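Whatever position you read off the sequence shown (first residue = 1), add 3 for this note's numbering.
From the three backbone atoms N, C-alpha and C, an ideal C-beta is built for every residue, glycine too.
Remember, predicted model here, so these are calculated numbers, not experimental data.
Here is the structure we will look at, set down as structure tokens.
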Amino acid sequence: MGRPHPVMEPQGGPYLDLSGVLSPLGAVRFFQLLLGCATISLVVHWGGYSATYGTFCMVTWCLCFSLSLLVLMLEVTRLHGCLRVSWDNLTATVAALAVLLCAVASVVYPLFSLGSGCFRGDCGPREFRIAAAACSCACCVSYGIEVRFARTRPGRPPPYMATTPGLLKVTQSFVAGFIFATLSCSSEYAHHAPALYCAAVYSLCLAVTVTAVVLAVSGKPAVLRLPFERFAAVCSLLAALLYVSAAVVWHVSCLEGRHSSPWRQGGCPRGSCPLDSRMAVAVFTYANVLLYVSDALSPGCRLRFPARLLGQMCLSSLGPRPVIPAQRVLGHVCHNRKS
């Protein structure tokens, strides 16, 4: 008789975590999938999409749906424990990015697709487009609820990417992406020195912001060999100063300079004039100035070492403090006790 085969017994508990679906957060993620699927189905079935705006909206909805499905699958199967990342920071980053993407798609899609009236009395596509926009808005709200859950976890501090500085960094990167997308639509800035300076500022600030986000998501901020919060605060302050300079240079040189005209050229269609792209870049630049200044002044990212340094400078300006011998102090204490 041969030896009996060993029975393989599962170790480490069940392989599926049903709380990933049955918990309030799991229910929110399930509704994200449901609303995302409904939005895509309505647009593909009858609503339709065309041109650049339609492609952007469809890519946005598909990306958010794919990320939500991936997060839910990793949560239910417990495979997120195999990833060498900070899972809470990663999910908070994905949810914050999805809020921004869905918000833009919810505005862009009805703005361009509902501009025309019903064709020959047939309002079927228009109704589907309205329903798709409504589902997209509801999906945006569901992602916002997930971010809210990440910020208010009972008994645990929120992850860095769910705090105000972390959410601001996601928004800063998102706005910078729109700046580069607008700059890439025109080639008139290739040989314009002020525009090249502004592009360099945008690139440097985006690289630093993305580096901070990657360090927070990877869960390995110790590679900096300095406190991560201080690194993020210094980067936010420098980026705010650089963006202020870029906003001034762009406004003076690209909007009111001799190489540009502040007026729309005759016969130029709206949305295709160089003035439109310059104005869009200016608006996004001003928005990022406010975001970086808010980041530098936020309570979670406030610099503390200048006050300490100023205190040391004030003490040093008063001269050396007299050293009181220990025997004199002890004698004074004993004298007070006797009296």
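Near residue i, what residues of its chain come up, given a Cβ to Cβ distance below 6 Å and the 5 sequence neighbours on each side ignored?
i           : result
residue 219 : 92, 163, 164
residue 306 : Residue confidence for residue 306 is low, a pLDDT of 49 falling below 50, so the modelled location carries little weight; the figure read from the coordinates is stated next. These residues qualify, in order along the chain: 236.
residue 80  : none
residue 56  : 111, 115
residue 21  : none
residue 75  : 32
residue 77  : 83
residue 18  : none
residue 131 : 45, 49, 50
residue 103 : 177
Exposed or buried, what is residue i when buried is set at 16 or more other beta-carbons lying within 10 Å of its beta-carbon?
i           : result
residue 85  : exposed
residue 230 : exposed
residue 159 : exposed
residue 243 : buried
residue 157 : exposed
residue 27  : exposed
residue 149 : buried
residue 281 : buried
residue 169 : buried
residue 245 : buried
residue 10  : Confidence at residue 10 is low in this model, with a pLDDT of 45, below 50, so the placement of that residue should be treated as unreliable; the coordinate-derived value is given next. So residue 10 ends up on the exposed side.
residue 187 : exposed
residue 217 : exposed
residue 101 : buried
residue 196 : exposed
residue 302 : exposed
residue 62  : exposed
residue 155 : exposed
residue 239 : buried
residue 199 : exposed
residue 300 : exposed
residue 180 : exposed
residue 215 : buried
residue 25  : exposed
residue 2   : Nothing in the structure corresponds to residue 2, since the chain is present only between 4 and 342.
residue 284 : buried
Report yes or no: is there a C-beta of chain B within less than 8 Å of the C-beta of residue i?
i           : result
residue 199 : Absent from the structure is chain B; it holds one protein chain and no more.
Just curious, the alpha helix (DSSP H) that residue i is in, first and last residue?
i           : result
residue 61  : 54 to 80
residue 248 : 231 to 252
residue 168 : 167 to 187
residue 47  : Premise fails: residue 47 is in no alpha helix (DSSP H) and is neither H nor E.
residue 212 : 196 to 221
residue 24  : 22 to 25
Is any non-hydrogen atom of the ligand HEM found closer than 7 Å to the C-beta of residue i, if you look at the structure I gave you?
i           : result
residue 250 : Among the components modelled here there is no ligand, and therefore nothing to report on the ligand HEM.
Among residues of its own chain, excluding the 5 on either side of residue i, which ones have a beta-carbon nearer than 7 Å to its beta-carbon?
i           : result
residue 343 : Nothing about residue 343 can be reported from this structure: the residues present for the chain run from 4 to 342 only.
residue 201 : 249, 252, 253
residue 315 : Any reading at residue 315 must be qualified, since the residue scores a pLDDT of 47, below 50, and its modelled position is unreliable; no value is offered.
residue 72  : 36
residue 161 : 153, 154
residue 96  : 164, 173, 216, 220
residue 297 : 171
Under 8 Å Cβ to Cβ from residue i, same chain only, skipping five residues before and after it: list those, please.
i           : result
residue 178 : 287, 290, 291, 294
residue 222 : 87, 88, 89, 92
residue 67  : 35, 39, 101, 104, 105, 142, 146
*Can you list the alpha helix (DSSP H) stretches of 4 or more residues lying completely in the segment 79 to 121, in chain order?*
Counting whole runs of 4 or more residues, the segment 79 to 121 contains the alpha helix (DSSP H) stretches 90 to 116.
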